[in-house]
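Here's the structure we're looking at; comments come further down.
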Amino acid sequence: MFYRERNSKMRAARSMCKVAGVVAASIMIVGLAGCRQSEERGLLMGWTVPDPSQRHPIIVTQAPVFLDVEAPRGSSGLSVAQKAMVRDFVASYKSQGTGELMISAPSGSRNEGAAMRTLAGVRGIARGYGVPDHYIALQPYPASGFRSAPVKVSFVQYEAKGPKCGLWPETLSESSRNENYHNFGCAQQKNLAAMVANPRDLIEPQTMDPRPAERGSVHWGKYIQGESTGAQKSSDENSGNISEVAKN
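Take 47 as the starting number for the sequence shown in the working numbering and just add one per residue.
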C-alpha cells in the first residue's frame, strides 16, 4: 500500500515537471517571437520616417502691413504721388491681404480736416480697385495735440518662414540605418518659403473667377429659337478638295 502511494506521487510529480517544462518552453518561444517581432518592427521603422515637409515644415503666420499717408494742413486731398502710393498698397492688399482694409484717421489733431479729405481719397481708390465697402473699416485714433498726424492704412497678410537648415545631429558615415538624414530636403523647403508669391496659397487655394458666359448665351439663344447649335462647315470643307492645283 505504501509503495503504491509512493509510485502514484512520483508519477504525479513527473507529470507536473513535464507540464512546467512545456509552459516554460512556450513562454520562451513567445518571448523570442516578441523579440523577433520588435526587431522586425525596428527594421521597418526606417522606411516610415517623415518626409521633408513634415520634418522641416514651412511656418505660415499673419503680419500687419502699414502705410502712413501724410495730410498737411490746408491740403485738399491726395497728391499725385500719394495716389500712386495708395494704389500700389491697395493692389498688394488685393493680391496678398486677408481680412479688412483698415483706414485710421487722426482725431483731435490740428490737421483733422485735411486728414478727413485724405481718408476720403484713400477710400475712393480702394473702391475703384473693387474692394467692397464691408471690407473697408474706418476708425479714428487719438492724436490730440499733434500738429500734423498721418492717415494710417493697414491690412494683414500671410508670411512664410522657412526652416533652419544646416543641422547635422549625427555623422552619416557612422550611421547604418537606411533613412533620410536629418537635413535632407531642408534647403528645398526654405527656398520654397522664400519664392512663394502668396504664402496664403500654402494654406488654401485661391478662388476661381467666374467663367465667361458670352458663348453660352449665343448657344442658348440658338437653342431657344430651334436653330442648330453645332458649328457650320463651309462649302470648301464639304468639297473634299485638298488643293486648287487639282482643278487646273
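C-beta: ideal position from N, C-alpha, C; glycine also.
My guess is that residue i and residue j are in contact by the Cβ rule of under 8 Å, so how many angstroms apart are they, rounded?
i           : j           : result
residue 200 : residue 111 : 6 Å
residue 154 : residue 190 : 3 Å
residue 231 : residue 102 : 6 Å
Relative to the C-alpha of residue i, which candidate in the options has its C-alpha closest?
i           : options            : result
residue 131 : 216, 214, 172, 249 : 172
residue 164 : 224, 256, 125, 228 : 125
residue 149 : 202, 210, 119      : 202
residue 192 : 232, 237, 119      : 119
residue 216 : 161, 226, 121, 170 : 226
residue 138 : 170, 113, 179      : 113
residue 210 : 220, 223, 195, 228 : 228
residue 145 : 179, 121, 123      : 179
residue 122 : 166, 251, 253, 255 : 166
residue 242 : 257, 141, 133      : 141
Can the beta-carbon of residue i be found less than 8 Å from the beta-carbon of residue j?
i           : j           : result
residue 98  : residue 235 : yes
residue 168 : residue 117 : no
residue 181 : residue 147 : yes
residue 239 : residue 268 : no
residue 108 : residue 204 : yes
residue 104 : residue 248 : yes
residue 183 : residue 157 : no
residue 233 : residue 186 : no
residue 136 : residue 175 : yes
Where does residue i land, buried or exposed, given buried means 16+ other C-beta within 10 angstroms?
i           : result
residue 270 : exposed
residue 264 : exposed
residue 245 : buried
residue 177 : buried
residue 128 : buried
residue 188 : exposed
residue 69  : Note on residue 69: pLDDT 46, under 50, position unreliable in the model; no value is reported.
residue 87  : Here the model assigns residue 87 a pLDDT of 40, short of 50, so the residue's position is not dependable and the matter cannot be decided.
residue 161 : buried
residue 272 : exposed
residue 276 : exposed
residue 143 : buried
Do we get a CB-CB distance below 8 Å when we pair residue i with the residues of chain C?
i           : result
residue 220 : Any reference to chain C falls outside this structure, which holds one protein chain only.
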